[in-house]
Amino acid sequence: MDVLKEKALAYHCLDGKPGKVSVVPTKPCQTAADLSLAYTPGVAKPVLEIEANPETAYQYTSKGNLVAVISNGTAILGLGDRGALASKPVMEGKGVLFKRFADIDVFDIELNEKDPAKVIAIVKAMEPTFGGVNLEDIKGPECFEIEQKLIEMCNIPIFHDDQHGTAIISTAGLMNSAELVGKKLSEMKVVVNGAGAAGISCAKMFVSAGVKHENIVMLDSKGVIYKGRVKGMTPEKEEFATTREIRTLEEAFVDADAFMGVSVADCVTPQMLLSMAKDPIVFAMSNPNPEIGYDLAVATRSDLIMATGRSDFPNQINNVLGFPFIFRGALDVRASKISEGMKMAAAKALANLAKEEVPQSVSKAYGGQSFKFGRNYIVPKPFDPRVIEWEAVAVAKAACEEGLALHPITDWEGYRKSLVARMAQYWV
17 MDVLKEKALA YHCLDGKPGK VSVVPTKPCQ TAADLSLAYT PGVAKPVLEI
67 EANPETAYQY TSKGNLVAVI SNGTAILGLG DRGALASKPV MEGKGVLFKR
117 FADIDVFDIE LNEKDPAKVI AIVKAMEPTF GGVNLEDIKG PECFEIEQKL
167 IEMCNIPIFH DDQHGTAIIS TAGLMNSAEL VGKKLSEMKV VVNGAGAAGI
217 SCAKMFVSAG VKHENIVMLD SKGVIYKGRV KGMTPEKEEF ATTREIRTLE
267 EAFVDADAFM GVSVADCVTP QMLLSMAKDP IVFAMSNPNP EIGYDLAVAT
317 RSDLIMATGR SDFPNQINNV LGFPFIFRGA LDVRASKISE GMKMAAAKAL
367 ANLAKEEVPQ SVSKAYGGQS FKFGRNYIVP KPFDPRVIEW EAVAVAKAAC
417 EEGLALHPIT DWEGYRKSLV ARMAQYWV
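For what it's worth, the working numbering labels the leading residue of the sequence shown as 17, then goes sequentially.
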């Protein structure tokens with residue numbers, strides 16, 4: 017019997033209620049007078065106000081706290097193209113996380129459309145509805161074009177979480193891991209296995225953090241991406257084509273300081289780990305089964321820092337540490353986009369928070385485990401209530417400093433306290 021399947025299916029129709037989200041009104045509608053204000057004739061008044069001054073949409077509607085989570089189902093989790101309808105449980109799940117961790121409302125939208133130009137046109141046409149758009153589970157290389165064009169066309173934040181979420185959390189973990197083993201990012205040799213949305217974005221952010229371009233070896237399903245290779249190349253892959261005479265994953269591992277896997281299960285062997293440099297950093301992110309099993313990896317190298325995408329092992333690299341708080345900060349200053357600087361601010365905030373003393377409430381949420389900055393604790397836990405203070409504030413500050421905030425904040429301590437108060441209901 018598949019116990020997880022039984023539990024998951026039961027959860028998704030618990031108490032006879034299909035799915036995980038619903039729409040709840042925020043204003044009373046109990047009387048005829050309420051109805052006349054909520055709908056006709058009263059609703060005509062904000063309509064005219066918004067027509068005269070579009071800015072008032074943020075005052076009279078929920079636009080400013082509403083994010084679209086949009087997918088066409090072409091790259092669902094690690095399951096591949098399962099179609100738009102099959103992506104709906106994941107998109108609803110993202111909505112739950114947005115609300116639970118950052119008090120952001122979500123409409124999940126599943127598009128039965130694979131043509132990038134049409135996806136772009138559809139999302140652009142929906143811009144008036146939302147304060148931001150979280151693109152999700154859209155396969156590469158189309159995802160790059162879709163996100164970039166929408167960023168150029170829209171005046172609200174557009175964020176493809178499969179690319180940037182993994183990259184932001186991984187960069188925080190890499191910075192802290194390098195510090196723990198006494199290595200400089202600029203001197204580290206890094207192997208990236210997987211050249212899809214997540215792999216490309218991770219490599220780009222590692223470079224922004226200090227890793228040298230020439231010290232990255234990237235592989236896709238066809239092997240090492242190298243200068244002169246023709247088969248399966250894209251402009252995104254070409255950026256990371258190596259000039260080194262390396263053609264296999266085994267060769268790439270030799271003397272490498274770090275490995276970032278966003279690929280397939282069990283593609284890394286103990287022999288590969290043994291060929292790495294001293295104090296290797298291994299982020300095996302394939303889900304649910306990593307590129308090398310956690311127990312096997314730590315048994316192979318006692319000097320290893322190991323992270324996975326799973327919650328049942330130390331150092332989970334989880335996107336929920338990113339997107340809710342990034343959008344919270346972006347929405348609160350009315351950022352027109354989510355910039356590279358805002359993403360790096362998020363990564364640095366997470367890296368710094370991991371070094372702080374961990375409150376007892378976090379230990380309680382994880383069955384009494386204690387956490388302290390070190391090889392088995394390189395990024396904060398999602399159920400650390402301080403994440404929103406650190407990360408949303410850092411993202412909002414970066415937006416203000418870069419001139420991307422339409423409503424910049426000046427009282428940062430007041431903003432921090434407002435976040436704590438806003439989220440108090442979720443931490444009871």
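No residue lacks a Cβ here, since even glycine has one placed at the ideal position from N, Cα and C.
Computed from a prediction, not measured in an experiment: that's the story for all the values here.
Whole angstroms is fine: what's the gap from residue i's alpha carbon to residue j's?
i, j, result
"Gly58", "Ser52", "5 angstroms"
"Leu290", "Ser224", "28 angstroms"
"Asp153", "Glu163", "12 angstroms"
"Leu337", "Leu347", "17 angstroms"
"Ile404", "Pro375", "15 angstroms"
"Tyr310", "Glu67", "57 angstroms"
"Ala408", "Arg344", "6 angstroms"
"Thr324", "Ala26", "27 angstroms"
"Asp18", "Thr145", "41 angstroms"
"Phe256", "Cys218", "12 angstroms"
"Gln75", "Asp31", "36 angstroms"
"Ala370", "Val395", "5 angstroms"
"Ile216", "His229", "12 angstroms"
"His180", "Ala49", "47 angstroms"
"Met142", "Leu366", "32 angstroms"
"Lys253", "Lys220", "11 angstroms"
Does the Cβ of residue i have 16 or more other Cβ atoms within 10 Å, making it buried, or fewer, making it exposed?
i, result
"Ser186", "buried"
"Lys451", "There is no way to answer for residue 451, as the model of the chain reaches only from 17 to 444."
"Glu203", "exposed"
"Asp282", "exposed"
"Cys170", "buried"
"Cys45", "exposed"
"Thr90", "buried"
"Thr182", "buried"
"Asn128", "exposed"
"Ser103", "buried"
"Asn69", "exposed"
"Val227", "buried"
Measuring CA to CA, which of the options is closest to residue i?
i, options, result
"Ala137", "Gly99, Gly156, Asp153, Glu161", "Glu161"
"Val436", "Arg402, Ile425, Gly419, Cys416", "Arg402"
"Val240", "Ile262, Leu151, Val197", "Ile262"
"Leu82", "Ala118, Ile92, Ala48", "Ala118"
"Ala188", "Ala26, Asn331, Cys283", "Asn331"
"Val207", "Lys200, Leu235, Met221", "Leu235"
"Gly147", "Ile354, Ala440, Pro398, Ile394", "Ile354"
"Glu195", "Ile321, Tyr431, Ala24", "Ile321"
"Gly96", "Val280, Gln441, Ile333", "Val280"
"Ala268", "Asn392, Val233, Thr426, Lys220", "Val233"
"Val112", "Pro340, Ala351, Leu366, Asn392", "Pro340"
"Pro105", "Ala362, Ser78, Pro34", "Pro34"
Should the segment 168 to 180 be regarded as contacting the segment 239 to 253, the criterion being three or more beta carbon pairs within less than 8 angstroms?
no
Can at least three beta-carbon pairs, one atom from the segment 379 to 386 and one from the segment 405 to 412, be found at a separation below 8 angstroms?
no
Give the list of continuous alpha helix (DSSP H) stretches no shorter than 4 residues that lie fully inside the segment 55 to 85.
60 to 68, 73 to 76
Mind the definition here: the segment 271 to 280 touches the segment 300 to 315 only if three or more C-beta pairs lie below 8 angstroms; say whether that holds.
yes
Can at least three beta-carbon pairs, one atom from the segment 310 to 320 and one from the segment 155 to 169, be found at a separation below 8 angstroms?
The segment 310 to 320, when compared against the segment 155 to 169, does not touch it at the 8 angstroms Cβ threshold.
Could you name each continuous alpha helix (DSSP H) segment of 4 residues or more that falls completely within the segment 206 to 237, going from the start of the chain to the end?
213 to 225
Whole alpha helix (DSSP H) elements within the segment 129 to 212, 4-residue minimum:
If we require 4 residues or more, the alpha helix (DSSP H) runs fully inside the segment 129 to 212 come out as 132 to 141, 158 to 169, 177 to 197.
At least 3 beta-carbon pairs within less than 8 angstroms: the segment 30 to 49 vs the segment 110 to 126:
yes
Can we say the segment 198 to 215 touches the segment 382 to 397, given the rule of at least three CB pairs closer than 8 angstroms?
no
Would you call the segment 56 to 73 and the segment 82 to 95 touching, i.e. three or more CB-CB distances under 8 angstroms?
no
Quick check for students: name the residue ranges of the alpha helix (DSSP H) that lie wholly in the segment 375 to 416, counting only runs of 4 or more.
376 to 381
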